[in-house]
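Chemist: For the sequence shown, UniProt numbering assigns the number 1 to the initial residue and increments by one for each residue that follows.
For every residue, glycine included, the Cβ atom is placed at its ideal position computed from N, Cα and C.
Before anything else, here's the structure in question.
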Amino acid sequence: MNDECPEQGMEEEIKTQCPNCETGTAGQMEKQRRNDEVTVALTCDECGHEWTRVLRFE
């Protein structure tokens, strides 16, 4: 493990169930960080549906 980066957990792949087909999942595509929020753009590996999630860190 690498202890150099305190935010290493943020780099792990995010798997999320698709809200469109509800059977596929999407891996992390891209991130935008602003203050304590990270916006993640996702694409389903089953139907190709695209959506975003906002993750908040306190």
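Have a look at Val-38 and Arg-56 and give me their C-alpha separation to the nearest angstrom.
Modeler: 6 Å
Chemist: Should Cys-21 go down as buried or exposed, given a rule of 16 or more other Cβ atoms within 10 Å for buried?
Modeler: exposed
Chemist: Going straight from the alpha carbon of Cys-44 to that of Lys-31, what length do you get?
Modeler: When rounded, the distance between both Cα atoms is 16 Å.
Chemist: Determine, using beta carbons only, whether Gly-24 comes closer than 8 Å to chain E.
Modeler: As a matter of chain content, chain E is missing from the structure shown, which is built from one protein chain.
Chemist: Let me know the secondary structure DSSP gives Glu-50 once reduced to three states.
Modeler: Here Glu-50 sits in strand by DSSP.
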